[in-house]
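Protein chains in written order, with this note's numbering: chain A, 104 to 171; chain B, 1078 to 1504.
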């Protein structure tokens, strides 16, 4: 699974950070970042909420491509 | 269509309907979620999913008349009369478009909106707001100092008005001595955005205030160009993104005027509605007082249940379809956030306060989409800090016996006019 943040859409309002820290954090440039190292299946609901709440739908989840 | 639809009392701004419009919205959601309302010249959009669809599609639904066609045409008719009668105002307007009419942020569409918004996002980021927190607490304490020994206060005029006003004045570099003038401007500007009953006198007053405001901030903009500081004006004046044209002076003035209006009455009404919830429910008051980590949840539920901005407007720029209803090009829509927030398909037990609601922040009181409230972080911080301060300094906060509560007669802004309280100074 990959979590992608569209920098052009991100408004830097921090809703993702407020519902799904430590997965999301606003950087010094006030753009959101996803921390894959913090991912754990128990954060699934929080992740989905962050995706839904983001006002500009800047967060998307992609299934990892299989590599052979 | 009936000649007297069930929501007529709300359209007539009857006090009980204005105090609690929610049953009317519930019936609309159930029976006619996209309903043409003749009296407003708009389709009322009341379901959560439909509201989201409108605000997430700015290329279809324009924000150029955010306060609706009625407010716009009312303003234009009176403006024309004033221009014919009042030479002083004609001369003021010769200097340029009143700041309130410049298309910027709230009343702008992409691409202009996106350029403007990208340049100022950082000015209200969570980080900037964290830097402001101590100052906000000091302001709250200063306001409480004035009544803490009296055992009673009028919460709206003595606290809820002063907090956001002083915070935004400070951010805009307005010195304390100029606060009364700043407040007068704020009250006058609301006339244009707040859907209040408009008269020639109030509109003329607003135009004069806008001219004064513009002159005042033109000189502040010039000051900060040469002498940048850490404040909101400097952030806006010096905002730069590679490859993007910086803000024009007219855009900056329009923004400052919107920060002033958007950040004032709204937060005032949030503070008052949250306090009303507390004094109306002893258990809630006791629970939140004893566990301050519940304050953000209370603030969020107050936002959801009593949005200060009940709804805003959009114009369909092309023919489209919404909730199965055909929307002709050029139609206005009243996007009722307050109704979406009570939609049971989204919020179980939608009419009650639940401090640990899992999707508490999914309410639409700050909007959604590209126009999502720029001041949301600041507003939430003001709410949290205000109640922390009030609980620190006051015990036994209660509604004054026999207090009569009344609401602003408006569709756009919803809130108490006054909230008389009694309390004991905390030891």
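Glycine included, C-beta positions come from ideal geometry on N, C-alpha and C.
Q: Please classify residue 1271 of chain B: does DSSP put it in a helix, a strand, or coil?
A: Legend: pLDDT at residue 1271 of chain B = 49, less than 50; position of this residue unreliable, no value from coordinates given.
Q) Hey, is the stretch 1093-1109 of chain B in contact with the stretch 1348-1364 of chain B, meaning 3+ C-beta pairs nearer than 8 Å? A) no
**Q.** Touching by the beta-carbon criterion (3+ pairs, under 8 Å), the stretch 1167-1184 of chain B and the stretch 1466-1486 of chain B
**A.** no
Q. Using a beta-carbon distance cut-off of less than 9 Å, what residues from the stretch 1448-1470 of chain B approach chain A?
A. 1448, 1449, 1450, 1451, 1453, 1454 and 1457
Q.
On a Cα-Cα basis, can you pick out the residue from B:1416, B:1264, B:1439 and B:1450 that is closest to residue 1123 of chain B?
A. B:1416
(Q) Suppose the cutoff is 7 Å on Cβ atoms and the five residues either side in sequence are ignored; what does the same chain contact list for residue 1246 of chain B look like? (A) 1256 and 1259
**Q.** First and last residue of the uninterrupted beta strand (DSSP E) at residue 163 of chain A
**A.** 162-165
Q) Does the stretch 1124-1139 of chain B come close enough to the stretch 1437-1450 of chain B that 3 or more CB-CB pairs lie under 8 Å? A) yes
Q. Can you name the residues of chain B whose CB is closer than 7 Å to the CB of residue 125 of chain A?
A. Going along chain B, no residue has its Cβ under 7 Å from residue 125 of chain A, so there is no contact; the nearest lies around 15 Å.
(Q) Using a Cβ-Cβ cutoff of less than 6 Å, which residues in the same chain neighbour residue 1237 of chain B once the five nearest sequence positions on both sides are dropped? (A) 1345, 1348 and 1349
Q) Does DSSP put residue 1472 of chain B in a helix, in a strand, or in coil? A) strand
**Q.** Where residue 154 of chain A meets chain B, residues with beta-carbon distance less than 7 Å
**A.** What residue 154 of chain A touches in chain B: nothing, since even the nearest Cβ is about 12 Å away.
Q: Taking all protein chains shown into account, decide if residue 1263 of chain B is buried (16 or more other Cβ within 10 angstroms of its Cβ) or exposed.
A: buried
Q: Establish whether the CB of residue 114 of chain A and some CB of chain B are separated by less than 8 Å.
A: yes
Q) Since residue 1214 of chain B contacts residue 1466 of chain B with CB under 8 Å, what's their CB separation in whole angstroms? A) 6 Å
Q: Note down, in chain order, all residues in the stretch 1405-1423 of chain B with a beta-carbon under 7 Å from any beta-carbon belonging to chain A.
A: none
(Q) By alpha-carbon positions, which one of B:1162, B:1434 and B:1476 ends up nearest to residue 1281 of chain B? (A) B:1162
**Q.** Residue-chain proximity (residue 1199 of chain B, chain A), Cβ-Cβ < 8 Å
**A.** yes
Q.
Please tell me whether residue 133 of chain A has its Cβ less than 8 Å away from any Cβ of chain B.
A. yes
Q | Minimum length 4: unbroken alpha helix (DSSP H) runs contained in the stretch 1333-1373 of chain B | A | 1342-1356 and 1359-1367
Q. In its own chain, which residues sit with a C-beta less than 8 Å from the C-beta of residue 1357 of chain B, not counting the 5 before and 5 after it?
A. 1476
Q.
So that I know if they touch, is there some Cβ in chain B lying closer than 8 Å to that of residue 150 of chain A?
A. no
**Q.** Residue span of the alpha helix (DSSP H) that contains residue 127 of chain A, given as start and end
**A.** Premise fails: residue 127 of chain A lies in the beta strand (DSSP E), 127-129, not in any alpha helix (DSSP H).
Q | Three-way DSSP call (helix, strand, coil) for residue 1134 of chain B in this model | A | coil
Q: Could you please give me the residues that DSSP links to residue 1409 of chain B through a beta bridge?
A: B:1119 and B:1392
Q.
Cβ closer than 9 Å: which chain A residues qualify as neighbours of residue 1207 of chain B?
A. The premise fails here: residue 1207 of chain B is roughly 10 Å from chain A at the closest Cβ pair, so nothing lies under 9 Å.
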